[in-house]
Amino acid sequence: MLWSKNGRKDNVVFRGARVLDPAEGLDAVCDVRVDGGTIAELGTTLDVNGHRVVEGAGLVLAPAFVDPHVHLRVPGREDEETIASGTAAAAAGGYCAILAMPNTEPVVDSAAVLGSLIEDAQAQAEIPVGFLASITRGQEGAELTDMAELADQGAAGFTDDGRPIVAPGLMRRALQYHGITGRRLAVHCEEPTLSKAGQMHEGAVSAELGFSGYPSVAESLMVERDLSLAAYEEQPLHLLHLSARESVEALRKAQAVGVAATGEVTPHHLCLTDQAVRTLDPNVKMNPPLRAAEDRDALVEGLRDGTIAAVATDHAPHARHEKEVPFEAAPFGVTGLETAFSALYTNLVAPGALPLETLLERMSAGPARIYGLEPPRIAVGAPANLVLLDTAATWRVDEDGFRSRSANSWLLGQTLEGRVRMTVAAGKVVYES
Amino acid sequence: MGDIHVMREDFLPPKQPPRRHLISIGDLTRADVERLLATARSFGRSLEREVKKLPTLRGHTVVNVFYESSTRTSSSFELAAKRLSADTMSIKAAGSSVDKGESLKDTALTLGAYDPDVIVIRHPQIGAPDVVARYTEAHIVNAGDGKHQHPTQALLDLYTIREHVGPLDGLHVAIVGDVLHSRVARSNIQALTLMGASVTLVGPPPLIPRGIESMGCTVSHDIGAIASADVVYVLRMQRERMLEGANYVPSLREYTARWGVTPERLRPGQKVMHPGPMNRGVEIDPLVADAADALIETQVRAGLVVRMAVLYDLLTTGPATVKTPEPLEVA
Chain E
952 MLWSKNGRKD
962 NVVFRGARVL
972 DPAEGLDAVC
982 DVRVDGGTIA
992 ELGTTLDVNG
1002 HRVVEGAGLV
1012 LAPAFVDPHV
1022 HLRVPGREDE
1032 ETIASGTAAA
1042 AAGGYCAILA
1052 MPNTEPVVDS
1062 AAVLGSLIED
1072 AQAQAEIPVG
1082 FLASITRGQE
1092 GAELTDMAEL
1102 ADQGAAGFTD
1112 DGRPIVAPGL
1122 MRRALQYHGI
1132 TGRRLAVHCE
1142 EPTLSKAGQM
1152 HEGAVSAELG
1162 FSGYPSVAES
1172 LMVERDLSLA
1182 AYEEQPLHLL
1192 HLSARESVEA
1202 LRKAQAVGVA
1212 ATGEVTPHHL
1222 CLTDQAVRTL
1232 DPNVKMNPPL
1242 RAAEDRDALV
1252 EGLRDGTIAA
1262 VATDHAPHAR
1272 HEKEVPFEAA
1282 PFGVTGLETA
1292 FSALYTNLVA
1302 PGALPLETLL
1312 ERMSAGPARI
1322 YGLEPPRIAV
1332 GAPANLVLLD
1342 TAATWRVDED
1352 GFRSRSANSW
1362 LLGQTLEGRV
1372 RMTVAAGKVV
1382 YES
Chain G
4 MGDIHVMRED
14 FLPPKQPPRR
24 HLISIGDLTR
34 ADVERLLATA
44 RSFGRSLERE
54 VKKLPTLRGH
64 TVVNVFYESS
74 TRTSSSFELA
84 AKRLSADTMS
94 IKAAGSSVDK
104 GESLKDTALT
114 LGAYDPDVIV
124 IRHPQIGAPD
134 VVARYTEAHI
144 VNAGDGKHQH
154 PTQALLDLYT
164 IREHVGPLDG
174 LHVAIVGDVL
184 HSRVARSNIQ
194 ALTLMGASVT
204 LVGPPPLIPR
214 GIESMGCTVS
224 HDIGAIASAD
234 VVYVLRMQRE
244 RMLEGANYVP
254 SLREYTARWG
264 VTPERLRPGQ
274 KVMHPGPMNR
284 GVEIDPLVAD
294 AADALIETQV
304 RAGLVVRMAV
314 LYDLLTTGPA
324 TVKTPEPLEV
334 A
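Here the protein sequences line up with chains E and G, keeping their order.
Heads up, the first sequence is in my numbering, so the first residue is 952 and it goes up one at a time.
Heads up, the second sequence is in my numbering, so the first residue is 4 and it goes up one at a time.
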């Protein structure tokens, strides 16, 4: 389900880092030796064996991150991102695997398009990448794609991300068919007659600024509908980029009665509220929109208590000229691969709102499990998927510092705490700073 | 969870913009408004003279860029600049490079190349004046950006009320109608509350934006709520901004029956205002529009002196970066 360039397998010894793998219950200052891309030994004063030595004193060595929600813009908008640039950006963000969304031009709705993406990934991808295919042909919400064929060819899951499955009858069919493919269905929950023309969260800020509102209930109503259908069909379901308090509550309730539902949340929804839209900066325009402080608090709490299993960047590159326009004319979406950890460390971990261990789990094993990927872990015999983090470092997010082809980040000009120092993906050192 | 410090100051609008623009009433303090109204009043007196032109802004250039149709605002900005002896240039989107698909950024860069002192812009999209401000050195005056702000309209309304009704402090103004689509309403709520007036919004629920009470006004869906107001400010039903099938009101007939401002719903001496253009017989009864208590033409007259004051204020009391005209070299 994941593809990348055939890479070398590195020999490295990480010496003296705080080795932290919450899923494995590991938190110790020790050495980690990687032999030919596989974790070979954990311990103190390990033999170097002629390997490259990376001094980790004062740093954190953790399982590398998995991003379940990336827009690589291929095919169709290679000016905004490519598989090469997007996976390089992911490597810089500490990721060892990412999943790409199918809302491209053309849509990934056939074995032919998926096949060409897999070939591209085998030629260009710096880190392993998987591809979701669409649930409906052309993401038009009318006819199902040939999901079994797409699954056989390696689709990592199915989604019409960016668009909801409007008709409940069609959503039910997709859930029924999920029993055949076994690959996760992921849904963007938005009731279009309620969000129509909406530019931002409906509330005091939209009332004052005059923007058309996109109310929370436009999301939560669809969340509740899809959870009801998933419960009825007894199929699992993944909810993409949740933004509203009511959605988190609905997910928590469904999980409590045994629905196999999962959810994800983006760094921007965890860090910002609709107050940020007062800047009229097109780089805080996204779908779903930034919501009120109560919503943000509910998302943080949902991530903390595990209702929301994953952080997903929803990395959405846009060409510069498309964002140099009035807010209302700008497309939805912001980049996030290269800033996710630092943004969340700065805004949640450093102020004490979320333990570092929880963040690391939700950025790595959490998202991997949703899509049935092998969770990155620090254990003897496991493939080396590692990120070395310097939580004491600060850095400034600059427009020209990205590996992504696009720079539509909500963090431009911000100084962040916590920095990725090295990423090892599938046994290969793919990033160093 | 209550105490997470996630909002960083950097994400909030800068408190002290590097240049002085007039984009939102929120940019102004009460003292700024007092100064602008006093300046407008002195210009009002100068316009009573036989020679109406003042040399004040000689050598300055004011560019008006209108991406939306306008009669009142564009003509009054142009005349205001001329009365102050500034050079003016007016550009309408129709017939310009905008028709050829030029972006707002490129239009701003092009106009900026002429080093204008002020760019007055009207645009259908919220935030357009901020985009122009980003790409030129000129002072920006917002002449209406989508549903967001129309600050000079609010200033001329304050001027009209103060000259023809009385002090703003303690005054009660009812704003009636399509608040949802109205930049005039948003600017006026801010301006009136800034000056100590109280504001009640009256209209059908779908046309009163959810959460607007946080701007410091009260809301009523009953037209009877206008009874206690000193001024009834009638908004235009903005049919052109209403999405098809959105059902904001079942029909204009239903709207008029329920929320139309008619002579029967007013008491003698209640002043009536409207930013224009009016839909006579929809939001306002023609008898009300033409009655002695209507201040609608007075508002238009106030627009001229208030816009003169805004241009003067930006170009003479702004920060040190404002250019002073250099004397012509005499050969």
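We put the beta carbon where it would ideally sit given N, CA and C, even for glycine.
Since the model is a prediction, treat every value here as computed from it, not as a measurement.
Could you give the DSSP three-state label for residue i: helix, strand or coil?
| i | result |
| --- | --- |
| H167(G) | helix |
| L1389(E) | The requested residue 1389(E) is not part of the displayed model; chain E covers only 952 to 1384. |
| D972(E) | strand |
| R1368(E) | A small fix is needed here, since residue 1368(E) is Glu in this sequence, not Arg. Note: E1368(E) maps to strand in three-state DSSP. |
| I1116(E) | coil |
| P1327(E) | coil |
| V252(G) | coil |
| S1198(E) | helix |
| Y1322(E) | coil |
| M1373(E) | strand |
| V1216(E) | strand |
| A1207(E) | helix |
| A979(E) | strand |
| T1342(E) | strand |
| A991(E) | strand |
| D986(E) | strand |
| A1125(E) | helix |
| L1095(E) | strand |
Who are the neighbours of residue i on chain E, taking C-beta pairs under 9 Å?
| i | result |
| --- | --- |
| G214(G) | E1153, G1154, A1155, V1156, S1157, A1158, E1159 and G1164 |
| S217(G) | G1154, A1155, V1156, A1158 and E1159 |
| R189(G) | A1158, E1159, L1160 and G1161 |
Quick one: list the residues of chain G neighbouring residue i, beta-carbon separation under 9 Å, in chain order.
| i | result |
| --- | --- |
| T1276(E) | Here the sequence assigns Val to residue 1276(E), which means Thr is not the residue at that position. Under the 9 Å cutoff, chain G gives S106, L107, K108, Q128, G130, A131 and V134. |
| A1148(E) | L246 and A249 |
| L1390(E) | Residue 1390(E) falls outside the range modelled here, since chain E spans only 952 to 1384, and no answer is possible. |
| H1022(E) | In chain order: nothing, as chain G lies at least about 23 Å away. |
Count the other CB atoms, across all protein chains shown, that sit within 10 Å of the CB of residue i; report buried if there are 16 or more and exposed otherwise.
| i | result |
| --- | --- |
| S231(G) | exposed |
| I28(G) | buried |
| N1000(E) | exposed |
| I1259(E) | buried |
| A41(G) | exposed |
| Q302(G) | buried |
| S100(G) | exposed |
| N191(G) | buried |
| V1208(E) | exposed |
| D1111(E) | buried |
| A116(G) | exposed |
Which residues mark the beginning and the end of the beta strand (DSSP E) in which residue i is found?
| i | result |
| --- | --- |
| P1014(E) | V1011 to P1014 |
| A1051(E) | Y1046 to A1051 |
| K95(G) | D90 to K95 |
| D1103(E) | Here D1103(E) belongs to no beta strand (DSSP E); instead the alpha helix (DSSP H) covers M1098 to Q1104. |
| I1069(E) | Here I1069(E) belongs to no beta strand (DSSP E); instead the alpha helix (DSSP H) covers A1062 to Q1075. |
| A292(G) | Taken as a continuous stretch (DSSP letters only), A292(G) belongs to no beta strand (DSSP E), being part of the alpha helix (DSSP H) at P289 to A292. |
| F1109(E) | G1108 to T1110 |
Between which two residues does the alpha helix (DSSP H) carrying residue i extend?
| i | result |
| --- | --- |
| S1085(E) | Taken as a continuous stretch (DSSP letters only), S1085(E) belongs to no alpha helix (DSSP H), as it is neither H nor E. |
| G306(G) | I299 to T319 |
| R283(G) | No alpha helix (DSSP H) holds R283(G); DSSP gives it neither H nor E. |
| E1383(E) | Looking at the DSSP string, E1383(E) is not in any alpha helix (DSSP H); the run it does join, the beta strand (DSSP E), is K1379 to E1383. |
| E1308(E) | L1307 to R1313 |
| L1145(E) | P1143 to S1146 |
Please list the partners that residue i has in chain E, where partner means a Cβ-to-Cβ separation under 7 Å.
| i | result |
| --- | --- |
| K150(G) | G1161 |
| R186(G) | G1161 |
| R38(G) | Simply none; closest approach about 25 Å. |
Taking Cβ-Cβ distances shorter than 7 Å, what residues in chain G pair up with residue i?
| i | result |
| --- | --- |
| E1279(E) | Q128, I129, G130 and G149 |
Output, in chain order, the set of chain G residues within a Cβ distance shorter than 8 Å of residue i.
| i | result |
| --- | --- |
| H1269(E) | In chain order: nothing, as chain G lies at least about 14 Å away. |
| H1002(E) | Here the premise fails: no neighbours, minimum Cβ distance about 41 Å. |
Which whole runs of the beta strand (DSSP E) in the stretch 100-188 of chain G are 3 residues long or more, in chain order? Scanning the stretch 100-188 of chain G from its first residue to its last, the whole beta strand (DSSP E) runs of 3-plus residues come out as 121-126, 142-148 and 175-179.
In chain order, which alpha helix (DSSP H) runs of at least 4 residues are fully inside the stretch 1152-1195 of chain E? Those alpha helix (DSSP H) runs which fall completely within the stretch 1152-1195 of chain E and span 4+ residues are 1155-1160 and 1167-1184.
Within the stretch 193-226 of chain G, note down every full beta strand (DSSP E) run reaching 3 residues or more, in order along the chain. You should have 201-205 and 221-223.
Segments assigned alpha helix (DSSP H), at least 4 residues, entirely inside the stretch 7-87 of chain G: Correct list: 33-49 and 75-86.
Length at least 4, wholly inside the stretch 996-1043 of chain E: the alpha helix (DSSP H) runs in chain order: Whole alpha helix (DSSP H) segments, 4+ residues: 1034-1043.
Go through the stretch 228-276 of chain G residue by residue and report every complete run of the alpha helix (DSSP H) that reaches 4 residues or more, in order. If only uninterrupted alpha helix (DSSP H) runs of at least 4 residues are considered, those enclosed by the stretch 228-276 of chain G are 255-262.
Note down, one range per segment and in chain order, each alpha helix (DSSP H) of at least 4 residues found wholly within the stretch 1242-1301 of chain E. With a minimum length of 4 residues, the continuous alpha helix (DSSP H) runs that stay inside the stretch 1242-1301 of chain E are 1244-1256, 1271-1274 and 1291-1295.
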